[in-house]
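Residue numbers (this note's numbering): 11 to 503.
Glycine included, C-beta positions come from ideal geometry on N, C-alpha and C.
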Amino acid sequence: MCFVCTTVAATLIISSQIVPVEAISAAPTTQLTLTSYAANAVPLSNRQKSEIESLVESHPAAEKFICTGIRLASAPASENVLVRKRAQAACDYAQKLNPKLATWFQNKPTSQRSFAGKVLITVKNSTTSTLPVTNPGSPSRSDLSTHPSITNQALLSPVEVCKTSDVSFRPDTSNGFPRPTTAKTGTVSARILLVPIIFSDLPYTDLDNLRLKTATDQVTEFYQKTSYGRVSISYEFLPKQYWITMSKSAAEYRLPENIPQYNKTFLVEDAFALADPSINFGLYDGVALTTGYSTRVNGGQGFPGVSFTTKNGIAKGVTLELGSAAANSEVMAHELGHSLFGLEDLYVFLNSNRPSVPEPVPAGSWDIMSSLGREFFGWNKLLMGWLEPYQVRCLSNQAASSHFIEAIETAGNKPKLVLINLSEGVTLAIEGRSQWTSGVLVYKIDSRINHGDGPIIAQKNLLSSGQQLTLDGWTIKVVAVDPSGFLVDVVKG
Ligand SMILES: [Zn+2]
Numbered sequence: 011m012c013f014v015c016t017t018v019a020a021t022l023i024i025s026s027q028i029v030p031v032e033a034i035s036a037a038p039t040t041q042l043t044l045t046s047y048a049a050n051a052v053p054l055s056n057r058q059k060s061e062i063e064s065l066v067e068s069h070p071a072a073e074k075f076i077c078t079g080i081r082l083a084s085a086p087a088s089e090n091v092l093v094r095k096r097a098q099a100a101c102d103y104a105q106k107l108n109p110k111l112a113t114w115f116q117n118k119p120t121s122q123r124s125f126a127g128k129v130l131i132t133v134k135n136s137t138t139s140t141l142p143v144t145n146p147g148s149p150s151r152s153d154l155s156t157h158p159s160i161t162n163q164a165l166l167s168p169v170e171v172c173k174t175s176d177v178s179f180r181p182d183t184s185n186g187f188p189r190p191t192t193a194k195t196g197t198v199s200a201r202i203l204l205v206p207i208i209f210s211d212l213p214y215t216d217l218d219n220l221r222l223k224t225a226t227d228q229v230t231e232f233y234q235k236t237s238y239g240r241v242s243i244s245y246e247f248l249p250k251q252y253w254i255t256m257s258k259s260a261a262e263y264r265l266p267e268n269i270p271q272y273n274k275t276f277l278v279e280d281a282f283a284l285a286d287p288s289i290n291f292g293l294y295d296g297v298a299l300t301t302g303y304s305t306r307v308n309g310g311q312g313f314p315g316v317s318f319t320t321k322n323g324i325a326k327g328v329t330l331e332l333g334s335a336a337a338n339s340e341v342m343a344h345e346l347g348h349s350l351f352g353l354e355d356l357y358v359f360l361n362s363n364r365p366s367v368p369e370p371v372p373a374g375s376w377d378i379m380s381s382l383g384r385e386f387f388g389w390n391k392l393l394m395g396w397l398e399p400y401q402v403r404c405l406s407n408q409a410a411s412s413h414f415i416e417a418i419e420t421a422g423n424k425p426k427l428v429l430i431n432l433s434e435g436v437t438l439a440i441e442g443r444s445q446w447t448s449g450v451l452v453y454k455i456d457s458r459i460n461h462g463d464g465p466i467i468a469q470k471n472l473l474s475s476g477q478q479l480t481l482d483g484w485t486i487k488v489v490a491v492d493p494s495g496f497l498v499d500v501v502k503g
C-alpha cells in the first residue's frame with residue numbers, strides 16, 4: 011500500500027522555480043516528497059526506501075520516475091551536488107525495484123525552505139491507469155473497479171454540485187465550500203513551533219518534552235498518511251531557555267476546574283506577552299502551546315482564523331493543549347484540524363446549559379474531529395482538498411447508479427467517495443472503510459446544524475456485502491466487496 015503518495019491531475023509545481031523537466035502532458039502524475047534527510051546524508055534511510063517501495067508498488071505501469079533534488083535558492087551552488095546525488099540515489103533505488111522503469115534525475119532551486127534538501131519524485135503514469143474504468147469485460151483487469159455495472163462518470167452530476175456551502179456559516183470554521191480564507195487546502199507544508207508553558211502548580215519538565223517529541227512524530231505521520239502525502243507537518247521545539255513561565259498559576263486561570271468550552275484566549279495572550287522577544291512567531295504556520303502532563307487538567311483549544319500579535323511577529327494557527335491532553339497526538343491532530351484546516355467540531359458540546367443529549371457523538375469514532383477518531387471522513391478530506399474530482403462521484407437526481415469505491419484509508423487513485431446532494435448544505439455520503447473494520451460507511455452532512463451541535467450524523471455500523479440502508483429516500487446497497495474495494499448501488503425513491 012502506498013502511504014505517502016500525492017496524486018494530482020497535472021504536474022504539481024512546488025515553487026515557481028521548480029518546473030517539470032518535460033512539458034505537462036494530459037497524463038495524470040503522482041508526486042511524492044521523500045521525508046527529510048539527516049545533515050549531509052545521501053544514502054536513503056529505511057523510511058525513505060519504504061516510501062519509494064510503496065510508490066513503485068502502487069504504480070506498476072508507470073512510464074517514468076523523475077527524481078528532483080531541491081536546494082534552497084539562496085544556498086550555495088555546491089548544494090546542487092548534494093541534492094543531485096540524493097535524487098540519483100532515489101531514482102536508482104526505484105529502478106532497482108522495477109528494472110523496466112525509465113528514470114531521470116535532476117536538481118532544482120526552491121524558495122520554500124520546507125522543501126530544501128529534499129527529493130521530489132514525480133511519477134508519470136500512463137493516460138489510462140488512473141481514470142475511472144467503465145469498459146465492461148476487460149480481460150486483463152478483474153477487480154471490482156472494472157465491473158461492467160459501474161455508471162459512467164458522464165452520467166453523474168458535476169462534483170461542484172456536491173461541493174455545497176455551509177448554510178450555518180461561520181467565518182473561521184466551516185463544513186462546506188468555499189473554505190474559510192485562513193484554512194489551508196491541498197498540498198500543505200506547515201512549520202509548527204512547539205512552545206512549553208510552565209505554571210507554578212503545573213510544571214513542564216524534560217520528561218514532558220520527550221513525550222511531546224513522540225506525540226509530534228505521531229501527528230506528522232498521521233497527517234502525512236491521512237492526506238495521502240499532501241500534508242507535511244514539521245515541528246520545531248523551543249529551546250529550554252525560552253520555555254515560558256507564566257506569572258499566574260494554573261488555578262488562577264481556573265484550569266483545574268476543566269470548564270467545558272472555556273475560551274482560553276486570554277491565557278494565550280498572556281503567554282505571548284511573556285515570550286522572549288527574540289522568538290519570531292511570524293516565521294511559523296502554527297504555534298502549539300502546551301503545558302506539562304497532569305491528570306488534574308484536561309482540554310485542548312484550536313484558534314482557527316485568529317492572529318495573535320506578539321512582540322516579534324504575528325502568531326497564527328495557534329493551538330493549546332493542557333494537562334492530560336498535552337502530548338496526546340489525537341488531541342493535537344484534532345486541534346490542528348481547527349487551526350490549520352478550519353474544520354468544525356463534530357461532537358455535541360455539553361455544558362451546564364446542555365448537560366446531556368440523546369446522542370452526544372453523532373459522528374461516532376469515524377473522524378478525528380469527533381470522538382476518538384483516527385481518520386477523517388471523506389467529506390472532510392474533500393474540504394481539505396485531498397481528493398481529486400474524479401475520486402468523488404456526485405449524485406443529485408439520478409434514479410439509479412452503480413459505483414466502485416476504494417477504502418478511504420487507501421492511498422490509491424480510484425474513486426473514494428459517493429455524495430448525494432439533498433439540498434444546499436445537506437449531503438449524504440458513502441465511503442469504504444478498511445482500517446480497523448471493513449465495510450461501507452454512510453453518513454449525512456447537515457450544515458444547517460452548527461459546529462458543536464453535531465453537523466455530521468453517521469451510521470453506527472458499516473454495511474457489508476448484501477446489506478442495504480434507506481435514508482432520506484435513497485437506498486444504498488453494497489453489492490459486492492473484494493480486496494480492491496466496494497461495489498455500491500444507489501437508488502432514488
Ligand atoms: Zn475541537
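query, result
"Residue range of the beta strand (DSSP E) that includes K246", "One point to set straight first is that residue 246 is Glu, not Lys, in the sequence displayed. Note, E246: beta strand (DSSP E), 241 to 247."
"Closer than 7 Å: G312 CB and nearest ligand 1 heavy atom", "yes"
"Cut-off 7 Å between Cβ atoms - residues of its own chain near A260, not counting five sequence neighbours on either side", "F209, D211, L212, P266, V307"
"Under 8 Å between C-beta atoms of W389 and A439", "yes"
"Closest Cα partner of G449 within the set S412, A164, G476, N50", "G476"
"Neighbour-count burial assignment, K118, 16 or more Cβ in a 10 Å radius", "buried"
"D377 beta carbon near ligand 1 (any heavy atom closer than 7 Å)", "no"
"Rounded C-alpha distance that separates N423 from L397", "9 Å"
"D355 beta carbon near ligand 1 (any heavy atom closer than 7 Å)", "yes"
"Cβ contact (3+ pairs, closer than 8 Å) linking the stretch 71 to 82 and the stretch 123 to 133", "yes"
"Y453 - partner residues in DSSP beta bridges", "A439, A468"
"Extent of the continuous alpha helix (DSSP H) to which W389 belongs", "388 to 393"
"In chain order, each alpha helix (DSSP H) run of at least 4 residues that lies wholly inside the stretch 242 to 312", "275 to 284"
"Separation of S339 from T329, as counted between CA atoms", "13 Å"
"Pairwise C-alpha distance: D227 and S35", "Caution applies to S35, whose pLDDT of 33 falls short of 50 and renders its modelled position unreliable; the value that the coordinates give is listed next. In a straight line, the C-alpha of S35 is about 36 Å away from that of D227."
"With 16 other Cβ atoms within 10 Å as the buried cut-off, status of I430", "buried"
"Residue span of the alpha helix (DSSP H) that contains K118, given as start and end", "Here K118 belongs to no alpha helix (DSSP H); instead the beta strand (DSSP E) covers 112 to 120."
"Nearest candidate by alpha-carbon position, reference Y103, set S60, S88, K134", "S60"
"DSSP three-state assignment for V501, whether helix, strand or coil", "strand"
"Those residues which DSSP pairs with P206 across a bridge", "T300"
"Check whether L481 and K454 have beta carbons under 8 Å apart", "yes"
"Limits of the unbroken beta strand (DSSP E) element including L479", "478 to 481"
"As assigned by DSSP and simplified to three states, the class of T140", "At T140, the pLDDT of 35 sits below 50, so the modelled position is not reliable and the matter cannot be decided from this model."
"Sequence-distant residues of its chain with Cβ nearer than 7 Å to V169 (five each side left out)", "P399, V402, C404"
"is_contact[Y303, chain B] using C-beta, thresh 8 Å", "Given the protein chain composition of this structure (a single chain), no chain B is represented."
"Residue nearest to G309 in terms of C-alpha spacing, selected from L356, H344, E67", "H344"
"Buried versus exposed call for L222 [16 or more other C-beta atoms within 10 Å across all chains shown]", "buried"
"Inter-residue Cα distance where the pair is V143 and Y245", "Note that V143 scores a pLDDT of 35, beneath 50, so its modelled location is shaky; the value from the coordinates is reported in the next line. Cα-Cα distance, rounded: 41 Å."
"Close Cβ partners of Q271 (< 8 Å) along its chain, the five nearest in sequence each way excluded", "F359, N361, G462"
"Heavy atom of ligand 1 within 7 Å of H413 beta-carbon", "no"
"H69 Cβ short of 7 Å to ligand 1 heavy atom set", "no"
"Identity of the residue in A325, T275, N268 nearest P287 by Cα", "A325"
"Selected residue, minimal CA-CA separation from V489, among L82, R96, L154", "L154"
"Reduced DSSP category for H344 - H, G, I as helix; E, B as strand; rest coil", "helix"
"Under the three-state DSSP convention, the category N56 falls into", "helix"
"A99, enclosing alpha helix (DSSP H) - first and last residue", "89 to 107"
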